[in-house]
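Presented below is the structure to which this report refers.
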Amino acid sequence: EPEVTQTPSHQVTQMGQEVILRCVPISNHLYFYWYRQILGQKVEFLVSFYNNEISEKSEIFDDQFSVERPDGSNFTLKIRSTKLEDSAMYFCASSEEDPDTQYFGPGTRLTVL
Amino acid sequence: QKEVEQNSGPLSVPEGAIASLNCTYSDRVSQSFFWYRQYSGKSPELIMSIYSNGDKEDGRFTAQLNKASQYVSLLIRDSQPSDSATYLCAVNMWGNFNKFYFGSGTKLNVKP
């Protein structure tokens with residue numbers, strides 16, 4: 024069964040460093056999303072992406088964040104200058120034609136020291 | 085501020101019982117409603133979506149939506165220990181069709 028994959032599973036970085044989180048959505052899917060979940064807290068929407076552009080973004084998704092679909096398979100989230108409060112689990116999700124039916128990847132745990 | 089509220093629980097039910105999970109939302113123009121299951125340390129998994137007032141059934145799961153009361157619920161019949169997880173309510177607002185708001189989740193414990 025096709026699934027969303029994410030790499031790395033765990034990323035440790037120093038405050039101020041840039042990180043790139045990678046996702047491979049399900050191959051025929053058209054809509055892509057990033058969410059984050061701080062330990063013990065709710066899942067928070069970051070951004071949605073369709074037709075090679077951002078369709079929605081949250082208040083969290085400020086100038087330090089960017090997304091890219093560099094080729095036909097990968098979908099990346101870049102955090103330019105990481106802060107301690109960026110430590111969280113980051114989930115990628117994708118959906119086919121119906122943006123409501125989202126399939127989540129296993130997540131990348133980001134730890135900022 | 086758009087809010088999705090859930091009782092954090094834990095909600096404990098015996099095996100075979102009906103578990104009832106509730107969610108309220110603040111924005112009257114919300115259009116689409118979702119229930120996800122999240123096991124500890126894992127990613128959310130979509131259980132059901134509901135768009136219209138009333139009930140929607142899928143196997144042991146029934147979602148109920150009342151837009152006038154801004155209330156959505158999930159019933160799990162014949163609860164199993166494997167249903168023990170955190171259940172997340174999510175809402176998609178009209179005009180922001182690709183922007184989703186999650187509640188904090190209700191932890192369900194099904195006791196054998």
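Quick note, the sequences are listed as chains A and B, same order.
Residue numbers 24 to 136, in our numbering, belong to the letters of the first sequence in order.
Residue numbers 85 to 196, in our numbering, belong to the letters of the second sequence in order.
Yeah, the Cβ is synthetic: ideal placement off N, Cα and C, and Gly gets one too.
Remember, predicted model here, so these are calculated numbers, not experimental data.
Mind checking if residue i is an interface residue toward chain B, Cβ cutoff 7 angstroms exclusive?
| i | result |
| --- | --- |
| P129 (chain A) | yes |
| F88 (chain A) | no |
| D123 (chain A) | yes |
| S71 (chain A) | yes |
| R78 (chain A) | The question names Arg, but residue 78 (chain A) is Ser in the sequence shown. So yes, S78 (chain A) belongs to the interface. |
Name the chain B residues that come within less than 9 angstroms of residue i, Cβ to Cβ?
| i | result |
| --- | --- |
| T99 (chain A) | Per Cβ cutoff of 9 angstroms: no residues; T99 (chain A) is ~18 angstroms from chain B at best. |
| F114 (chain A) | S127, P128 |
What does a CB cutoff of less than 6 angstroms around residue i pick up in its chain, not counting 5 residues either side in sequence?
| i | result |
| --- | --- |
| Q154 (chain B) | T108, Y109 |
| S116 (chain B) | Y135, N176 |
| G39 (chain A) | S104 |
| L44 (chain A) | L100, Y113, T131 |
| L136 (chain A) | Q37 |
| K191 (chain B) | G93, P94, T170 |
| S78 (chain A) | S71 |
| D142 (chain B) | M132 |
| V66 (chain A) | Y58, Q60 |
| L105 (chain B) | L158, Y171, T190 |
| N80 (chain A) | According to the sequence provided, residue 80 (chain A) is Lys. The question's Asn does not apply to it. V70, listed in sequence order. |
State yes or no: is the beta carbon of residue i nearer than 7 angstroms to at least one beta carbon in chain A?
| i | result |
| --- | --- |
| S127 (chain B) | yes |
| S116 (chain B) | yes |
| S133 (chain B) | yes |
I want to verify the contact list: residues of chain B whose CB lies under 7 angstroms from the CB of residue i, in sequence order.
| i | result |
| --- | --- |
| V137 (chain A) | There is simply no residue 137 (chain A) to check, as chain A begins at 24 and stops at 136 in what is shown. |
How big is the Cα-Cα spacing for residue i and residue j?
| i | j | result |
| --- | --- | --- |
| L100 (chain A) | S89 (chain A) | 6 angstroms |
| T124 (chain A) | R161 (chain B) | 23 angstroms |
| C115 (chain A) | Y56 (chain A) | 6 angstroms |
| S114 (chain B) | N97 (chain A) | 31 angstroms |
| E99 (chain B) | F84 (chain A) | 42 angstroms |
| Q64 (chain A) | S163 (chain B) | 25 angstroms |
| E82 (chain A) | N51 (chain A) | 29 angstroms |
| S117 (chain A) | Q29 (chain A) | 12 angstroms |
| W119 (chain B) | C173 (chain B) | 5 angstroms |
| D86 (chain A) | A103 (chain B) | 43 angstroms |
| L158 (chain B) | D139 (chain B) | 10 angstroms |
| E76 (chain A) | G95 (chain A) | 14 angstroms |
| A152 (chain B) | V47 (chain A) | 40 angstroms |
| P128 (chain B) | A111 (chain A) | 15 angstroms |
| D111 (chain B) | P31 (chain A) | 36 angstroms |
| V156 (chain B) | P196 (chain B) | 27 angstroms |
| R92 (chain A) | S96 (chain B) | 43 angstroms |
| L130 (chain B) | F145 (chain B) | 12 angstroms |
Using the beta-carbon of each residue, which ones in chain B are nearer than 8 angstroms to residue i?
| i | result |
| --- | --- |
| S81 (chain A) | K183 |
Pop quiz: residue i and residue j are said to be a contact at Cβ under 8 angstroms. What is the actual Cβ separation, rounded to whole angstroms?
| i | j | result |
| --- | --- | --- |
| Q90 (chain B) | S188 (chain B) | 6 angstroms |
| F68 (chain A) | K183 (chain B) | 6 angstroms |
Skipping 5 residues on each side, what residues in its chain have a beta carbon closer than 7 angstroms to that of residue i?
| i | result |
| --- | --- |
| L53 (chain A) | Y73, E119, E120 |
At a CB-CB cut-off below 9 angstroms, which residues of chain A make contact with residue i?
| i | result |
| --- | --- |
| G189 (chain B) | K65, V66 |
Which bits of chain A does residue i rub up against, with CB to CB less than 7 angstroms?
| i | result |
| --- | --- |
| N176 (chain B) | D123 |
Using a Cβ-Cβ cut-off of 8 angstroms (strictly less than) and excluding sequence neighbours within five positions of residue i, which residues of its own chain qualify?
| i | result |
| --- | --- |
| V42 (chain A) | Q34, T36, K101, I102, T105, L133 |
| E26 (chain A) | I49, Y126, G128 |
| S168 (chain B) | L192, N193, V194 |
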